[in-house]
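Chains as they are written, first to last, in my numbering: chain G, 8 to 197; chain Y, 17 to 400; chain L, 6 to 239. Even for Gly, the Cβ is constructed at its ideal location relative to N, Cα and C. Keep in mind that this is a model prediction, so the values were computed, not measured.
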């Protein structure tokens with residue numbers, strides 16, 4: 008571990024990442040998913056971020072939208088660069104909705120954060136039979152209490168999902184409607 | 017008593033003889049008088065202030081387990097162990113599914129839910145708390161922090177990551193901050209002394225470590241150092257031997273299993289659930305196997321092990337899971353999730369009538385369950 | 006007292022290259038607080054560290070204690086000069102506001118990272134914010150107003166590290182051989198929030214290689230830097 012105060016790390020990391028605008032309108036996500044956006048988002052890119060696209064409205068320390076498009080059997084769903092000691096979570100084509108949610112829960116709690124499932128129900132997603140779930144997450148590193156919303160479906164053995172989380176105070180209610188709209192607009196090509 | 021004088025005197029007594037001299041050393045060591053707050057400018061004072069700030073953060077943290085009854089129960093045990101130092105000991109319970117307890121030089125004591133899940137009785141809890149109080153009374157943290165590297169690691173560990181730090185960092189820094197062998201031996205010795213004074217059976221102390229070893233040995237990689245507790249308290253075979261000898265030297269005392277079971281009953285299901293969620297199947301199986309052996313009729317443990325088998329899903333596991341779920345139901349008072357777990361397995365095996373029955377029972381027992389909508393849809397599917 | 010480390014040097018060059026206009030620190034449409042505005046000063050989050058000869062960083066709680074005192078004093082003096090009606094927050098009230106505080110800390114990190122963080126490295130700016138300081142904590146801040154009666158809240162956070170004497174000596178020696186050693190730095194922010202709307206009205210990040218919170222007079226200088234161009238009507 009470098010001897011720099013951790014306060015500086017966020018400044019340094021900024022140098023490695025880049026942010027691009029996602030314009031409203033139709034947008035392709037991976038090879039098989041399409042969404043229709045009612046407004047712009049910010050897409051964050053950095054080396055070794057894992058297979059999900061990461062979008063944000065207020066900045067990563069505040070809110071995050073994870074977009075999974077066409078995740079294949081046995082593919083690890085998160086970055087593996089850090090924490091060689093930590094358990095990895097991979098998708099398996101035969102997974103049932105509760106198992107997929109448990110997989111996301113595992114990923115979100117790798118750092119000691121606390122997850123609580125609030126709701127899990129069947130729902131169409133992208134034109135496929137899928138599920139929708141709501142959760143709360145207490146972030147370990149800074150104790151922020153987040154609310155989360157997820158949508159998922161497996162199509163031709165591949166996983167398609169959206170996960171959005173933001174502080175339960177002010178921010179989650181502020182952006183939730185747009186995420187719901189995005190999920191409703193999603194189309195998975197068969 | 018002058019602090020430096022005590023340190024010099026106390027340690028000279030204890031460090032020398034190690035295992036054979038332990039019993040004698042124990043007799044020579046005296047519990048010091050209550051500590052005064054050190055000056056801010058001293059190395060200890062600096063540590064103290066930092067711990068005070070961490071304690072404020074801990075109090076406000078959502079990970080803090082704030083049940084007044086349980087907190088008072090554990091505080092009382094810690095108090096009786098600490099004797100005259102009781103007013104200086106402040107117990108904080110923390111929601112984290114790992115075995116850990118710690119005591120900072122300012123009197124702040126943390127007890128993690130993973131520890132409370134694993135001890136069988138008050139005496140075993142007292143063994144761990146007594147051990148931590150031993151480190152506190154013998155000023156080990158401060159000694160450790162005379163070593164700059166340790167100081168930095170500890171500071172990073174506490175100051176930057178918080179007393180309830182990020183799990184990833186915990187292992188890294190905790191290892192660098194580990195107590196020395198001499199410290200461990202002395203804390204063991206003091207811990208047993210305090211246990212006996214408080215009326216607890218010293219034989220329970222060795223059992224705690226035995227049980228923990230069972231779990232860590234079950235890991236596929238057999239690596240103990242990932243446990244934050246073992247990172248700061250390096251385990252050593254001689255210590256178990258020493259503890260057994262100490263126990264033999266002072267027989268008698270109570271274990272108080274019944275009041276402990278009563279006290280943690282309202283939390284057991286949650287803690288078992290969090291243990292299962294850790295996804296460390298082999299360790300969980302070792303732990304649950306032990307708990308089931310102690311109380312074969314307890315439904316909660318059977319349910320939990322059924323969940324672990326179901327999630328691990330190796331060859332033969334699903335059958336084992338079904339067996340455990342059925343045993344939980346036979347025992348009575350099973351968690352509603354038992355039926356859910358059974359339903360999932362039956363559904364996967366295309367045993368539709370059984371799956372439907374199980375899911376329906378789950379919905380009956382837990383109509384407000386978070387996934388009730390999903391399970392209802394399964395029931396509908398299974399009708400066709 | 007400190008030499009810039011290679012890392013700091015890079016950042017400093019980048020930051021220096023950007024001329025920060027007044028507007029970067031201010032929310033759109035906001036210019037200044039009216040004189041006599043009621044501002045509650047949230048407890049400052051400060052930690053001071055020392056870097057030993059070998060580059061080992063350790064927290065120094067006695068320095069932190071001193072720094073907190075100096076900061077409070079300097080802030081009090083500054084408030085007088087700024088002509089604000091300042092309210093302090095009781096410790097027990099601070100407990101009740103824990104969630105709002107942690108929320109603010111996360112927003113401040115986002116602002117520091119995405120609005121200011123890398124200056125010339127525009128890529129980290131969030132395009133949807135269109136270069137504006139446009140973050141709001143929303144309704145939840147009204148809990149602070151309720152407890153204190155203030156209309157605005159001032160938050161501050163400082164992490165400060167200092168080279169110990171051995172390190173300074175090492176730095177001097179190595180400088181002659183052309184090696185740049187990190188001497189420590191001061192990182193922080195001050196943030197002014199509107200307690201009616203939750204809008205972050207003004208944000209001032211600090212990132213530099215100088216400043217000293219351990220001494221009262223020098224601490225006053227840090228407060229000056231943190232509160233540089235604090236938006237109050239003249």
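| Query | Result |
| --- | --- |
| Name the chain L residues that come within less than 8 Å of residue 65 of chain Y, Cβ to Cβ? | 66, 67, 69, 70 |
| Buried or exposed, going by whether 16 or more other CB atoms sit within 10 Å of the CB of residue 454 of chain Y? | Residue 454 of chain Y cannot be examined here, being either before or after the span of chain Y that is shown, 17 to 400. |
| Going by DSSP, what residues sit across from residue 50 of chain L in a beta bridge? | L:162 |
| Give, in chain order, every residue of the region 75-103 of chain Y whose Cβ lies closer than 9 Å to some Cβ of chain G. | 76, 77, 78, 79 |
| Going by DSSP in three states, residue 25 of chain L sits in which element: helix, strand or coil? | Confidence at residue 25 of chain L is low in this model, with a pLDDT of 45, below 50, so its placement is unreliable and the value that follows should be read with caution. In the structure shown, residue 25 of chain L sits in coil (DSSP, three-state: anything other than H, G, I, E or B). |
| Return helix, strand or coil for residue 96 of chain L, following the three-state DSSP convention. | helix |
| So that I know if they touch, is there some Cβ in chain Y lying closer than 8 Å to that of residue 10 of chain L? | Model confidence at residue 10 of chain L stands at a pLDDT of 44, short of 50, so the residue's coordinates are unreliable; what they give is reported in the following sentence. Not an interface residue. |
| Between which two residues does the beta strand (DSSP E) carrying residue 63 of chain G extend? | 60-63 |
| Counting only Cβ-Cβ distances shorter than 8 Å, please list the residues of the region 206-226 of chain L near chain G, keeping chain order. | 212 |
| Whose C-beta lies closer than 7 Å to the C-beta of residue 82 of chain Y among residues of the same chain, with five residues either side of it excluded? | none |
| From this set, G:150, G:152, G:194, G:162, which residue's C-alpha is nearest residue 101 of chain G's C-alpha? | G:162 |
| When you compare only the Cα positions, how much space is there between residue 329 of chain Y and residue 108 of chain G? | 17 Å |
| Could one say the Cβ of residue 6 of chain L lies closer than 8 Å to chain G's Cβ atoms, at least one of them? | Because residue 6 of chain L sits at a pLDDT of 35, beneath the cut-off of 50, its placement in the model cannot be relied upon, and the point is left open. |
| Going along chain Y in order, which residues have a C-beta closer than 7 Å to the C-beta of residue 103 of chain L? | 76 |
| Using a cut-off of 8 Å between C-beta atoms, extract the partners of residue 3 of chain L located in chain Y. | There is no way to answer for residue 3 of chain L, as the model of chain L reaches only from 6 to 239. |
| Under 8 Å: do the region 42-52 of chain G and the region 26-34 of chain G share three or more Cβ pairs, one atom per stretch? | yes |
| Going by DSSP, what residues sit across from residue 73 of chain G in a beta bridge? | G:61, G:170 |
| Beta-carbon separation of residue 316 of chain Y and residue 288 of chain Y under 8 Å? | yes |
| Just tell me which of G:174, G:61, G:169 has its CA closest to the CA of residue 154 of chain G. | G:174 |
| Can you tell me which of Y:298, Y:338, Y:325, Y:245 puts its alpha carbon nearest to the alpha carbon of residue 129 of chain Y? | Y:245 |
| Does the beta-carbon of residue 118 of chain Y have 16 or more other beta-carbons within 10 angstroms, so that it is buried, or is it exposed? | buried |
| Could you name the residues of chain G that residue 390 of chain Y contacts, counting a contact when the two beta carbons are closer than 8 Å? | 104, 105, 127, 128, 129, 138 |
| Assuming residue 158 of chain L and residue 200 of chain L make a contact with CB atoms under 8 Å, what is their CB distance in whole Å? | 6 Å |
| Output the distance between the C-alpha atoms of residue 362 of chain Y and residue 336 of chain Y, rounded to the nearest integer angstrom. | 13 Å |
| Thinking residue 218 of chain Y and residue 263 of chain Y are a contact (beta carbons under 8 Å), I'd like their distance in whole angstroms, please. | 4 Å |
| Skipping 5 residues on each side, what residues in its chain have a beta carbon closer than 6 Å to that of residue 318 of chain Y? | 340, 343, 344 |
| Taking just the CA atoms, how far does residue 212 of chain Y sit from residue 223 of chain Y? | 16 Å |
| Which residues in the same chain have their Cβ closer than 8 Å to the Cβ of residue 299 of chain Y, if we skip the five residues on either side of it in sequence? | 231, 232, 234, 235 |
| Rounded to the nearest angstrom, what separates residue 159 of chain Y and residue 137 of chain G at their Cα positions? | 58 Å |
| Measuring straight from C-alpha to C-alpha, what distance separates residue 133 of chain Y and residue 380 of chain Y? | 29 Å |
| Identify the contact partners of residue 143 of chain L in chain G, using a Cβ-Cβ distance below 9 Å as the criterion. | 176, 177, 178, 180, 181 |
| State yes or no: is the C-beta of residue 352 of chain Y nearer than 7 Å to some heavy atom of the ligand MN? | Only the bare structure without any ligand can be found here, which leaves the ligand MN out of the picture. |
| Measure the alpha-carbon distance for residue 139 of chain G versus residue 86 of chain G and round it to whole angstroms. | 24 Å |
| Measure from the C-beta of residue 112 of chain L to each C-beta in chain G and report whether the shortest distance is under 8 Å. | yes |
| In three-state terms, what does DSSP make of residue 368 of chain Y? | helix |
| 8 Å is my cut-off, CB to CB: does residue 188 of chain Y come that close to chain L? | At residue 188 of chain Y, the pLDDT of 41 sits below 50, so the modelled position is not reliable; the number obtained from the coordinates is stated separately. It does not: the Cβ of residue 188 of chain Y has no partner Cβ on chain L nearer than 8 Å. |
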